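The numbering of the sequence shown is the numbering used here, which starts it at 44 and goes up by one. Positions of the beta carbon are idealized from the N, C-alpha and C atoms, including for glycine. Because the structure is a prediction, the values reported are computed rather than measured. Everything below concerns the one structure shown next.
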Amino acid sequence: AGAFDSLDSHRARLLASVGVAIEAAEQAERNAMQVSLFDFLEAGGGDAGAHGPRHVEVPRWSERQKLNEEKLALGFYFSGHPFHELQPEVSRFARKPLAALEARKEPQFLAGLVVGVRSKFTSRGKMAFIQLDDGTSSLEVSVFSEVLDAERAKIREDEVLIVEGKVQRDDFAGEGRLKVVAERLMTLAEARGRFARHLRLSLNGQASGANASAAVQRLRGLLAPYTPGNCPVRLAYHNGQATCELAFGDANRVRLEDDLLAALSEWLSSDNVTVDYP
Numbered sequence: 044a045g046a047f048d049s050l051d052s053h054r055a056r057l058l059a060s061v062g063v064a065i066e067a068a069e070q071a072e073r074n075a076m077q078v079s080l081f082d083f084l085e086a087g088g089g090d091a092g093a094h095g096p097r098h099v100e101v102p103r104w105s106e107r108q109k110l111n112e113e114k115l116a117l118g119f120y121f122s123g124h125p126f127h128e129l130q131p132e133v134s135r136f137a138r139k140p141l142a143a144l145e146a147r148k149e150p151q152f153l154a155g156l157v158v159g160v161r162s163k164f165t166s167r168g169k170m171a172f173i174q175l176d177d178g179t180s181s182l183e184v185s186v187f188s189e190v191l192d193a194e195r196a197k198i199r200e201d202e203v204l205i206v207e208g209k210v211q212r213d214d215f216a217g218e219g220r221l222k223v224v225a226e227r228l229m230t231l232a233e234a235r236g237r238f239a240r241h242l243r244l245s246l247n248g249q250a251s252g253a254n255a256s257a258a259v260q261r262l263r264g265l266l267a268p269y270t271p272g273n274c275p276v277r278l279a280y281h282n283g284q285a286t287c288e289l290a291f292g293d294a295n296r297v298r299l300e301d302d303l304l305a306a307l308s309e310w311l312s313s314d315n316v317t318v319d320y321p
């Protein structure tokens with residue numbers, strides 16, 4: 044959760060190296076009981092092993108994983124909020140943060156992280172109460188049985204949820220308090236598919252010369268598991284002499300899942316992977 048950040052901010056590496064550190068400490072204790080004075084002098088005064096064991100090299104945690112590990116250890120997010128890195132994108136369709144919502148007659152889109160869910164049975168059937176948090180505020184969303192039966196699988200704790208629903212004053216809860224009645228629930232991938240204009244990819248050095256065929260095959264392999272979907276794909280290519288943009292056919296529309304965007308960003312870099320909105 045960050046208690047050892049002063050030693051190394053690479054938390055994944057520290058955690059992966061715990062076993063090595065324990066083994067080294069046990070070995071050092073065994074050695075201390077066996078070394079004679081002459082061994083000590085021959086070793087040059089005890090510098091042997093001063094540098095300690097080597098770290099186990101592993102990839103860094105993503106910001107999301109780092110925060111999830113904090114919550115697992117502490118019970119709450121410590122160094123940030125998982126929703127913050129998504130806010131610029133989510134604001135393209137959920138225009139206002141939870142703290143700025145106002146009661147209106149027409150449905151609104153709102154978004155946040157699911158931090159709690161409770162349910163109860165009513166005369167209309169089972170209903171759920173979802174606690175959403177976007178780092179600016181927390182708000183309860185009521186989901187009646189008609190919506191819950193159809194959208195239940197989308198409600199996952201610690202995951203982003205997009206809600207289309209009526210924001211109303213809740214005079215019973217107190218002055219200025221709001222309540223939300225959900226009309227539709229969407230995952231982030233579904234919201235991207237509904238609101239995004241297209242997924243734009245830039246292939247520059249990755250597809251030059253002899254690399255072109257391999258790059259096309261790799262791209263096809265990355266996209267295939269996420270088809271069919273709703274979002275069109277466009278491919279921009281620049282080789283220093285000319286620039287062109289290709290629009291993929293409808294059969295290659297994709298579902299904009301986080302795993303797809305992460306895999307494309309790892310290969311092409313995040314600057315070359317863009318979800319364009321109107």
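Residue i versus residue j: straight-line alpha-carbon distance, rounded
i           : j           : result
residue 176 : residue 306 : 27 Å
residue 258 : residue 236 : 25 Å
residue 277 : residue 108 : 30 Å
residue 113 : residue 152 : 29 Å
residue 58  : residue 111 : 14 Å
residue 165 : residue 197 : 22 Å
residue 182 : residue 301 : 25 Å
residue 299 : residue 71  : 51 Å
residue 229 : residue 284 : 43 Å
residue 62  : residue 124 : 30 Å
residue 188 : residue 121 : 35 Å
DSSP-derived helix/strand/coil call for residue i
i           : result
residue 188 : helix
residue 225 : strand
residue 301 : helix
residue 26  : As displayed, the chain neither begins before 44 nor continues past 321, which places residue 26 out of reach and without an answer.
residue 276 : strand
residue 292 : coil
residue 100 : coil
residue 284 : coil
residue 181 : strand
residue 55  : helix
Boundaries of the beta strand (DSSP E) in which residue i is found, first to last residue
i           : result
residue 246 : 241 to 246
residue 236 : Counting along the chain, residue 236 falls outside any beta strand (DSSP E), though it belongs to the alpha helix (DSSP H) covering 231 to 238.
residue 209 : 203 to 212
residue 153 : 151 to 165
residue 171 : 168 to 176
residue 319 : 316 to 319
Sequence-distant residues of the same chain with beta carbon closer than 7 Å to residue i, five excluded per side
i           : result
residue 60  : 98 and 99
residue 316 : 244, 304, 307 and 308
residue 91  : With a pLDDT of 43 at residue 91, under the threshold of 50, the modelled position of this residue cannot be trusted; read the value that follows with caution. The answer is none, since no qualifying residue turns up.
residue 297 : 242, 266, 269, 270, 272, 274, 276 and 303
residue 240 : 319, 320 and 321
residue 55  : 101, 102, 103 and 104
Residue burial classification, residue i (beta-carbon count within 10 angstroms, cutoff 16)
i           : result
residue 202 : exposed
residue 320 : exposed
residue 148 : exposed
residue 65  : exposed
residue 155 : buried
residue 102 : exposed
residue 119 : exposed
residue 4   : The shown model of the chain, from 44 to 321, leaves out residue 4, and the question about it has no answer.
residue 131 : exposed
residue 117 : exposed
residue 215 : exposed
residue 159 : exposed
Endpoints, the alpha helix (DSSP H) within which residue i is located
i           : result
residue 259 : 254 to 266
residue 198 : No alpha helix (DSSP H) contains residue 198, which DSSP labels as neither H nor E.
residue 296 : Taken as a continuous stretch (DSSP letters only), residue 296 belongs to no alpha helix (DSSP H), as it is neither H nor E.
residue 114 : 106 to 117
residue 62  : 61 to 75
residue 41  : Outside the displayed span of the chain (44 to 321) sits residue 41, for which this structure offers no information.
Same chain only: Cβ atoms within 8 Å of residue i, ignoring 5 sequence neighbours per side
i           : result
residue 311 : 244, 245, 246 and 249
residue 199 : 157
residue 128 : 106 and 107
residue 211 : 146, 221, 222, 223 and 224
residue 205 : 133, 136, 137, 152, 153, 154, 228, 229, 230, 231, 233 and 234
residue 238 : 135, 136, 320 and 321
Contacts around residue i, its chain only, beta-carbon distance under 6 Å, and the 5 residues preceding and following it disregarded
i           : result
residue 140 : 177 and 179
residue 138 : none
residue 231 : 203
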